[in-house]
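Notes for the one structure printed next.
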Amino acid sequence: MLRARITGTGSAVPEHVLTNYDLEKLVDTNDEWITTRTGIKERRIAAAGEYTSTFATLAARRALAMAGISPEELDLIILGTVTPDFPFPATACIVQHELGAKHAVAFDLSAACSGFIYGLNMAEAQIRSGMAKKVLVLGAEVLSRVVDFSDRNTCILFGDGSGAVVLEADNGDRGILSTHIFSNGSHWGLLYQPGPGSRNPASVAATIDDKLYYLRMEGNDVFKHAVRAMGDAAVAALEANQIHADQLALLIPHQANRRIIEATGKRIGLPEEKVFVNLHKYGNTSSASIPIALDEANHEGRLKSGDLVLLDAFGGGFTYGSALIKW
Ligand code: UT7
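Take the sequence shown: its position 153, counting from 1, is numbered 152 in numbering that gives the first Met the number 0, and each next residue is one higher.
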């Protein structure tokens, strides 16, 4: 059976580190609160002159190098982001140009923190149907440009960076076994960026005066939905593949909050050592969090051939989903 197999991973984050202690100087917060409520210790922040495409292109080059394929061989580039370089054209097109992937179709995908899982789902469908053979899927964000660094409820959470994978058609039994993606638009207002957009254009003074360009989140409500939805998405993957959690080698969840991650592991009965966590270093990088974590797990040698690896995400929209991979 034709499967989509990950043959390369890559990631890239800004050099600049913003620690909890740095944030203590900006807002009324402290390292102890941030650490116990979220698990985050520091995050990376893009410098002037660095954009979403900067990190995406670098992550893509690293994933392509690991896969051992040239950019010209790519059929498709899917880039999950909520912080594109521009409203249009797609950041994926900028990455395509930077890479010289001239045979690839390129588009962005807006599914917030679930963007990478949604991208895997699209890539898998294209590969299984024979429409594409080699696909690059990315998650890339510069969230620091839409975060209000005077709002302690949100500014402590987010970071910048990108992760990428190369997927190739493969006739073996390794690769993506299943993807499950879900949307629930009834709660869109709990986590969103009001402007600029057609509701609040940048050309209207109120968009600037009322700071509508900053991300807004009802953290506590989002937290409860995240715990339930990520658990549901994980269970959907296990049930569809008729496997038990103890057959999993690793769970790589979206890195938003350590307590959400722990609750997800508990829901499916997975011991802590089988749950990958790196949010202490990067905070919540939205669509980039899973592919950055996947690349780190890969480089740390935590993914062995034949291992079952579960990816699990939740984000604004709401969107959520999971992917089960035989590595
Ligand atoms: O990526 C997609 C989805 N995003 C998420 O999954 C994020 C989900 N939400 C969360 O991770 C958590 O809700 C937060 C970390 C954002 C907040 O944690 P919480 O345990 O839900 O805290 P809370 O919002 O209920 O606030 C508790 C208290 C409040 O004070 P009062 O009203 O009890 O006096 C806040 O004002 O903590 C206060 N607080 C802070 N204190 C120190 C809020 N932010 C801070 C802060 N430093 N940075």
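Beta carbons: idealized from backbone N, C-alpha and C, even for Gly.
Keep in mind the model is a prediction, meaning the values are calculated, not measured.
Check whether the stretch 111 to 122 touches the stretch 308 to 325, taking contact to mean three or more Cβ pairs, one atom from each stretch, closer than 8 Å.
yes
Taking the beta carbon of H102 as the centre, do at least 16 other beta carbons fall within 10 Å, making it buried, or is it exposed?
Around the CB of H102, fewer than 16 other CB atoms lie within 10 Å, so the residue is classed as exposed.
Given G282, which residues of its chain have a CB within under 7 Å of its CB, disregarding the five upstream and five downstream residues?
I39, R42, L156, F157, G158
Between R151 and the ligand UT7, is the CB less than 6 Å from at least one heavy atom?
yes
Listed by chain order, which residues have C-beta atoms less than 7 Å from any heavy atom of the ligand UT7?
V26, D27, T28, N29, W32, I33, R36, T37, A111, C112, R151, N152, I155, L156, L190, M216, G218, N219, V221, F222, A225, H253, A255, N256, I259, N283, S285, F313, G314, G315
With a threshold of 6 Å on Cβ separation, who are the neighbours of R173 within its own chain once the five nearest residues in sequence on each side are excluded?
So the list reads R4, K325, once near-sequence residues are dropped.
Give me the DSSP bridge partner(s) of P252.
D311
Quick one: what does DSSP say R215 is sitting in, helix, strand or coil?
Looking at R215 - three-state DSSP - the assignment turns out to be strand.
Just list the alpha helix (DSSP H) runs in the stretch 239 to 296, keeping only unbroken ones of 4 residues or longer that don't cross its boundaries, in chain order.
Segments of the alpha helix (DSSP H) lying fully in the stretch 239 to 296: 257 to 266, 278 to 281.
Under three-state DSSP, which class holds S304?
coil
Please state if the CB of L302 and the CB of A236 are separated by a distance shorter than 7 Å.
no
Can you look up E41 in the DSSP assignment and give me helix, strand or coil?
If DSSP states are grouped into helix, strand and coil, E41 belongs with the strands.
Considering only the alpha carbon of each residue, which of I242, L166, D294, S149 lies closest to V26?
S149
Enumerate, from N- to C-terminal direction, the unbroken beta strand (DSSP E) stretches of 3 or more residues contained entirely within the stretch 65 to 111.
75 to 79, 104 to 108
Name the two residues that bound the continuous beta strand (DSSP E) containing Y319.
Per DSSP, Y319 belongs to the beta strand (DSSP E) from 318 to 325.
Using CA atoms only, rank isn't needed, just tell me which of L78, Q254, L310 is closest to F106.
Looking at the Cα atoms, L78 is the closest of the given residues.
How many Å lie between H190 and P252 at the Cα?
Sequence inspection shows Leu at residue 190; the His mentioned does not correspond to that position. Looking at the two C-alpha atoms, the distance is approximately 19 Å.
Beta-carbon separation of V164 and T8 under 7 Å?
yes
Return the CA-CA distance between P193 and I242, expressed in angstroms with no decimal places.
Distance from the CA atom of P193 to the CA atom of I242, rounded to whole angstroms, is 41 Å.
Within the same chain, show all residues whose beta-carbon is closer than 8 Å to that of A45, passing over the 5 residues directly before and after it, in chain order.
P13, H15, T53, F54, V141, S143, R144, D159
Under three-state DSSP, which class holds H179?
strand
Could you pull the start and end residues of the alpha helix (DSSP H) that D401 belongs to?
This structure gives no information on residue 401, because the portion of the chain shown stretches from 0 to 326.
Leaving out the 5 sequence neighbours to the left and right, which residues in its chain are closer than 7 Å to Y50 when beta-carbon positions are compared?
D84, V141
Could you tell me whether the Cβ atoms of I116 and A168 are closer together than 7 Å?
In this structure, A168 does not lie closer than 7 Å to I116 by Cβ.
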